[in-house]
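These notes concern the structure reproduced below.
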Amino acid sequence: MKPKRQYIQPLATLQFAAVIAIVLTHFWLQNGTYLQALCTSFCFVYSGFFTALTHRDERQYRLADHIRFMRDKLAKLYPLHVLALGLSLLVIYIGWHYQLMLSKVTLAHLLLISPWFTTPSFYFGLNPVSWFICDLFFLYLISPWLIRGLRHFKLGWQIAIVGLLIVGELVAGYATDPGSPSLLISNNAHYYLYEFPLIRVLDFTTGIVLYHLTLTHRWRAAASRLTPTRATLIELCAIGACVAFYPLGEKLLHPHWYRAFCSMAPIVVIALGAVVFTSGNKGFVSRAMCMPPLPAMSKIGAEVYLLQFGAYHGIRLLVNRLGLPSHGALYFLIQMGGLLLLAWVVHHYVTTPLYRHFKSHEHP
0 MKPKRQYIQP LATLQFAAVI AIVLTHFWLQ NGTYLQALCT SFCFVYSGFF TALTHRDERQ
60 YRLADHIRFM RDKLAKLYPL HVLALGLSLL VIYIGWHYQL MLSKVTLAHL LLISPWFTTP
120 SFYFGLNPVS WFICDLFFLY LISPWLIRGL RHFKLGWQIA IVGLLIVGEL VAGYATDPGS
180 PSLLISNNAH YYLYEFPLIR VLDFTTGIVL YHLTLTHRWR AAASRLTPTR ATLIELCAIG
240 ACVAFYPLGE KLLHPHWYRA FCSMAPIVVI ALGAVVFTSG NKGFVSRAMC MPPLPAMSKI
300 GAEVYLLQFG AYHGIRLLVN RLGLPSHGAL YFLIQMGGLL LLAWVVHHYV TTPLYRHFKS
360 HEHP
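Counted the way numbering that gives the first Met the number 0 counts, the sequence shown spans residues 0 to 363.
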């Protein structure tokens, strides 16, 4: 079965929007904790969906194929990860005159294992968002076993498994109380329910199950009967459902445990599933997400995400040196424009050429 190219671009645009929302919640939006957690979960679900798409013919997927898959992901993301780490180190040294030698934290980042340490200086140190890439590579590594394991169950049981995992996370989330030292994860609930790689298996698995749902005859038959008008109505209903769920998510969000996927799962699945379901039938929202310059901008999503902290603090240092105001609309435009420009330059002149060079020498 060939990839459904018609929904790849709309989903890429949706992921880029999620990345921009994460950047805004990190630096400019107050009380954006739930939006940040929601968009991060979406990125993991999105990755699970497309990983399942890559592994769709798993009966012919061998160890050599998985090694090639991992090399491809490393060639695409690892140089960017190292560059973002170097930028953060440079900004720290220039701004705070603090010379960081090759420490355990730096080594953990380079080895992609920083989120496996429970100490915040490891998973938030240097480049605070690099834990996402480290988690993602772990999920890529175990993806064949996740996909094949789920394939042993009928779709209804796959959905039930995800449901049980969501309930388990809900219970764990409400059980974490920093005032109760007897609880296992009470002292570091944020880490165990947000950065810990194993907890993100749930988001990733949800994407895999959603992809398996799109393979069913009932899904394909219903999608084939859609008209552009009906597709647009479904997309608008999905947007309305996301807006309706948002206040509920903010209300359920408890500062101790930071994230309960049970309140995010409906929004993530509705948003991603609606785009996949309708984009092949020229829904208005899906068509809008394919209009320029969105396809070009969606290509720099990884660069925007990983470079955001280094760019933000670097531009702030530059603005302070020039004596410009470090607040207001102009400062916001300088920060966002500088980040997007840096991401575009890195994508076109660093990560893309390196990836093409790797691919050209992969099969000499």
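Don't be surprised by glycine CBs; every beta carbon is placed ideally from N, CA and C.
DSSP state of residue i mapped onto helix, strand, coil
i: Thr12; result: helix
i: Thr32; result: helix
i: Asn187; result: helix
i: Trp218; result: helix
i: Trp156; result: helix
i: Ile112; result: coil
i: Val128; result: coil
i: Thr226; result: coil
i: Cys289; result: coil
i: Ile299; result: coil
i: Gly336; result: helix
i: Leu323; result: coil
i: Thr350; result: helix
i: His53; result: For the record, residue 53 in the displayed sequence is Thr; it is not His. Of the three classes helix, strand and coil, the one that applies to Thr53 here is helix, per DSSP.
i: Trp144; result: helix
i: Ser87; result: helix
i: Lys281; result: coil
i: Trp343; result: helix
i: Phe331; result: helix
Neighbour-count burial assignment, residue i, 16 or more Cβ in a 10 Å radius
i: Gln307; result: buried
i: Pro180; result: Note that Pro180 scores a pLDDT of 47, beneath 50, so its modelled location is shaky and nothing firm can be said.
i: His312; result: buried
i: His216; result: exposed
i: Ile199; result: According to the sequence as given, residue 199 is Arg; it is not Ile. Counting Cβ neighbours within 10 Å, Arg199 comes out buried, since at least 16 surround it.
i: Ile21; result: buried
i: His346; result: buried
i: Val166; result: exposed
i: Thr24; result: buried
i: Leu10; result: buried
i: Ser359; result: exposed
i: Met290; result: exposed
i: Gly322; result: exposed
i: Ala230; result: buried
i: Leu329; result: exposed
i: Ser297; result: buried
i: Gly327; result: exposed
i: Leu214; result: exposed
i: Val90; result: buried
i: Ala220; result: exposed
i: Ala188; result: buried
i: Ala287; result: exposed
Chain-order list of residues whose beta-carbon lies under 7 Å from that of residue i (same chain, five-residue window excluded)
i: Tyr190; result: Thr117, Tyr122
i: Phe331; result: Trp27
i: His54; result: Tyr60, Ser142, Pro143, Ile146
i: Leu125; result: Leu84, Ser87, Leu88, Val104, Thr105, His108
i: His65; result: Pro143
i: Cys38; result: Ala17, Ala20, Ile21
i: Val242; result: none
i: Leu135; result: Ser46
i: Ala240; result: Ile269
Candidates the options, of which the one nearest residue i by Cα
i: Ser285; options: Tyr311, Lys298, Ala237, Asp64; result: Ala237
i: Leu62; options: His151, Tyr245, Ala240, Leu140; result: Leu140
i: Ser87; options: Ala74, Ser129, Thr215, Lys75; result: Ser129
i: Phe15; options: Glu302, Gly272, Glu234; result: Glu302
i: Gly155; options: Val208, Val104, Thr24, Ile112; result: Val208
i: Gln59; options: Phe136, Arg147, Phe26, Met290; result: Arg147
i: Phe137; options: Phe68, Leu79, Arg224; result: Phe68
i: Pro352; options: Leu79, Cys38, Asn30; result: Leu79
i: Ile7; options: Leu271, Ser113, Cys38, Pro265; result: Leu271
i: Asp202; options: Asn187, Ala230, Leu164; result: Leu164
i: Tyr92; options: Phe357, Ala188, Gly309, Ile333; result: Gly309
i: Pro114; options: Leu10, Pro292, Arg229, Pro196; result: Pro196
i: Pro246; options: Met290, Leu34, Leu23; result: Leu34
i: Leu364; options: Trp343, Val344, Leu305, Tyr348; result: Because the chain is modelled from 0 through 363, residue 364 falls outside the range shown and cannot be assessed.
i: Ala264; options: Asn30, Gln29, Ser40; result: Ser40
Residue i beta carbon near the ligand GTP (any heavy atom closer than 8 Å)
i: Val166; result: This structure simply doesn't include the ligand GTP, nor any ligand for that matter.
Residue-chain proximity (residue i, chain D), Cβ-Cβ < 9 Å
i: Trp27; result: Of the protein chains in this structure there is only one, and it is not chain D.
Own chain, CB closer than 8 Å to residue i, minus 5 neighbours either side, in chain order
i: Trp218; result: Leu212, Phe276
i: Leu109; result: Val81, Leu84
i: Ser325; result: Arg315, Val318, Asn319
i: Leu149; result: Gln157, Ile160, Thr204, Ile207, Val208, His211
i: Ile233; result: Leu225, Ala273, Phe276, Thr277, Gly282
i: Val268; result: Val44, Thr205, Leu209
i: Thr50; result: Leu138, Tyr139, Ser142, Ile146, Phe203, Gly206, Ile207
i: Leu341; result: Glu302, Leu306, Ala310
Own chain residues within Cβ distance below 6 Å of residue i, not counting five before or after
i: Phe357; result: Ala74
i: Val349; result: none
i: Tyr354; result: Ala74, Lys75
Point to revise | the segment 13–30 in contact with the segment 39–58 per 3-pair CB rule at 8 Å | key: yes
Answer yes if the segment 333–351 comes into contact with the segment 156–164, meaning at least three C-beta pairs across the two stretches below 8 Å, and no otherwise. No, they do not touch.
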